[in-house]
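Residue numbers (my numbering): 11 to 168.
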């Protein structure tokens, strides 16, 4: 029931379209990182056994596990350091706590797990009057419009 401390129009809660586009950009970033890892492993394999080299075949379970782990790590690191992922930077968004400050890493990690495993929770933004996802409601966070970098943004102690 509380609103972010930064309630000026510039820091209003972000809507479903903006957050959805940011999420799609972040999925693209994670897929790109997976491609970089695959190419790196392929070249390493070629370097150590060029005579018997074959391209490694993608395995669904390994790929899905890699995607989940990489996504959670990516989201956690980005949200903990500056409240923004690459998609959030592109769309002018920032993750903040109820006080309008950055969120500490345990809640960022929990939110990342919830976002990756329960991505449908984002759809709740479309019906919630305060534009919160299910993850935001559960962890008392908010995604707001924030185009200007704020180097003095402190960490939330909630």
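Note that the Cβ used here is the ideal one computed from N, Cα and C, for glycine as well.
Inset, instruction - Would you tell me roughly how many angstroms separate the C-alpha atoms of residue 60 and residue 82, rounded to the nearest one? - result: Within the chain shown, the letter at position 50 stands for residue 60. Within the chain shown, the letter at position 72 stands for residue 82. The straight-line gap from Cα to Cα measures roughly 34 Å.
Legend entry - Closest Cα partner of residue 46 within the set 63, 113 and 76: As a working note, residue 46 is residue 36 in the chain shown. Ranking 63, 113 and 76 by Cα distance to residue 46 puts 76 first.
Inset, instruction - Under 8 Å by Cβ, that's how I've got residue 29 and residue 103 pegged, so tell me the actual separation to the nearest angstrom. - result: Numbered from 1 along the chain shown, position 19 holds the residue referred to as residue 29. Numbered from 1 along the chain shown, position 93 holds the residue referred to as residue 103. Confirmed, about 7 Å.
Inset, instruction - To the nearest angstrom, report how far apart residue 100 and residue 62 are at their CA atoms. - result: By one-based count along the chain shown, residue 100 stands at place 90. By one-based count along the chain shown, residue 62 stands at place 52. Approximately 43 Å, taken between the alpha carbons.
Inset, instruction - For the region 136–143 and the region 84–98, state whether three or more C-beta atom pairs, one from each stretch, are separated by less than 8 Å. - result: no
Inset, instruction - Please say whether residue 151 and residue 107 have beta carbons closer to each other than 7 Å? - result: Numbered from its first residue, the chain shown carries residue 107 at position 97. Numbered from its first residue, the chain shown carries residue 151 at position 141. Residue 107 is a Cβ neighbour of residue 151, given a cutoff of 7 Å.
Inset, instruction - Could you work out which residue in 158, 146, 22 and 33 is closest to residue 95 when comparing CA atoms only? - result: In the chain shown, the residue the question calls residue 95 occupies position 85. Taking only the C-alpha atoms, the option nearest residue 95 is 33.
Legend entry - residue 73 classed as buried or exposed, judged by whether at least 16 other C-beta atoms fall within 10 angstroms: Translated into positions along the chain shown, residue 73 becomes position 63. By the 10 Å Cβ count, residue 73 comes out exposed.
Legend entry - Per DSSP, the bridge partner or partners of residue 107: Locating residue 107 in the chain shown gives position 97, counting from the first residue. Answer is 151.
Inset, instruction - Could you tell me the boundaries of the alpha helix (DSSP H) in which residue 46 lies? - result: As a first step, residue 46 must be located in the chain shown, where it is residue number 36. Its alpha helix (DSSP H) spans residues 26–58.
Legend entry - Helix, strand or coil at residue 116 [DSSP, three-state]: Here residue 116 refers to the residue found at position 106 when the chain shown is read from its first residue. In the structure shown, residue 116 sits in a helix (DSSP, three-state: H, G or I).
Legend entry - Unbroken stretches of the alpha helix (DSSP H), 4 residues or longer, contained in the region 54–105: Runs of the alpha helix (DSSP H) inside the region 54–105: 70–92 and 96–101.
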